[in-house]
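Using our numbering, the first residue of the sequence shown is number 1352, and each one after it goes up by one. For every residue, glycine included, the Cβ atom is placed at its ideal position computed from N, Cα and C. First the structure, in the form of structure tokens, and then the observations on it.
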Amino acid sequence: MKNLSSSEALSRFTGALSVAINAGNRYARFHCDRVSLLACEIGAACGLSFDDLTMLHISATLHDIGQIAISHRILCKPERLDEDEWVEMTTHPARSQHMVCSTGLTNVAQIGTIIRHHHEYFNGAGYPDGLAGETIPLLSRILSIADSYDAMATPCAYRRPRTHDEIMDVMRGEENIKFDPSVFRMFTYIIEQDACELRCGYEAGALV
Ligand SMILES: [Fe+2]
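Put into structure tokens, the structure is as follows:
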């Protein structure tokens, strides 16, 4: 078998893990694919290089893979999680990082770091490390916004999707708390354009 380049191997690994996510949690697989699309649009508007966009795509595709290790009962619980369940849920970014980094491929340390911090809050109130402001990697700040929009725009086992206007009301209230305001401005610019295909796809239910 010919030797694969590191980026080619990482690309194949990403595809294989996506299949694994699909087997374990169909919602998570398509959630990750949609988040990748939206995150890369925001990243392009922020002027990211091709290499950074590639890293963002891989990070977004794999950001929730650690949920494979979380019990299905917790992932699909319609009620609020109790304290122990919440603690278990908050382990998934570090689990995702560990799984990705276990490949030992080039760039996985950086990808693992982006994934680890996708639930940090701009004000420091997020997890797992309570990072704040620009100490949170830029690609994680972009991923956080795309992740939040998609989670509200699509149905899951226990709630209906929110409309675009409902989502933007919630997210504007979280600017400076959860989201980096400068990245949020770029996201708003993208998602509120009349011709934004992604928003139209969400509104038509075509991306679910
Ligand atoms: Fe997550």
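Heavy atom of ligand 1 within 7 Å of residue i beta-carbon
i, result
"Pro1488", "no"
"Asp1498", "yes"
"His1443", "yes"
"Asp1501", "no"
"His1414", "yes"
"His1469", "yes"
Buried versus exposed call for residue i [16 or more other C-beta atoms within 10 Å across all chains shown]
i, result
"Gln1544", "exposed"
"Pro1390", "Residue identity check: residue 1390 is Ala in the sequence provided, not Pro. Buried, since its Cβ has 16 or more Cβ neighbours within 10 Å."
"Met1352", "Confidence at Met1352 is low in this model, with a pLDDT of 44, below 50, so the placement of that residue should be treated as unreliable; the coordinate-derived value is given next. Exposed, since its Cβ has fewer than 16 Cβ neighbours within 10 Å."
"Thr1486", "exposed"
"Cys1383", "buried"
"Gly1477", "buried"
"Tyr1500", "buried"
"Cys1397", "buried"
Whole-number beta carbon distance between residue j and residue i, since they are thought to touch under 8 Å
i, j, result
"Pro1444", "Thr1464", "Between Thr1464 and Pro1444 the Cβ distance is about 10 Å, and since that is not below 8 Å, they are no contact."
"Gly1417", "Met1450", "6 Å"
"Ser1410", "Ile1466", "5 Å"
"Arg1513", "Met1503", "5 Å"
"Ser1453", "His1468", "That belief does not hold up - the Cβ atoms of Ser1453 and His1468 are roughly 18 Å apart, past 8 Å."
"Thr1365", "Thr1412", "6 Å"
Distance between residue j and residue i (C-alpha atoms, nearest Å)
i, j, result
"Phe1473", "Asp1498", "15 Å"
"Phe1535", "His1470", "15 Å"
"Pro1506", "His1423", "17 Å"
"Ile1425", "Asp1433", "10 Å"
Length at least 4, wholly inside the stretch 1406 to 1466: the alpha helix (DSSP H) runs in chain order: 1423 to 1426, 1434 to 1440, 1443 to 1452
Could you tell me which uninterrupted beta strand (DSSP E) segments, each at least 3 residues in length, are contained entirely in the stretch 1532 to 1558, listed from first to last along the chain? DSSP runs (the beta strand (DSSP E)) wholly in the stretch 1532 to 1558: none.
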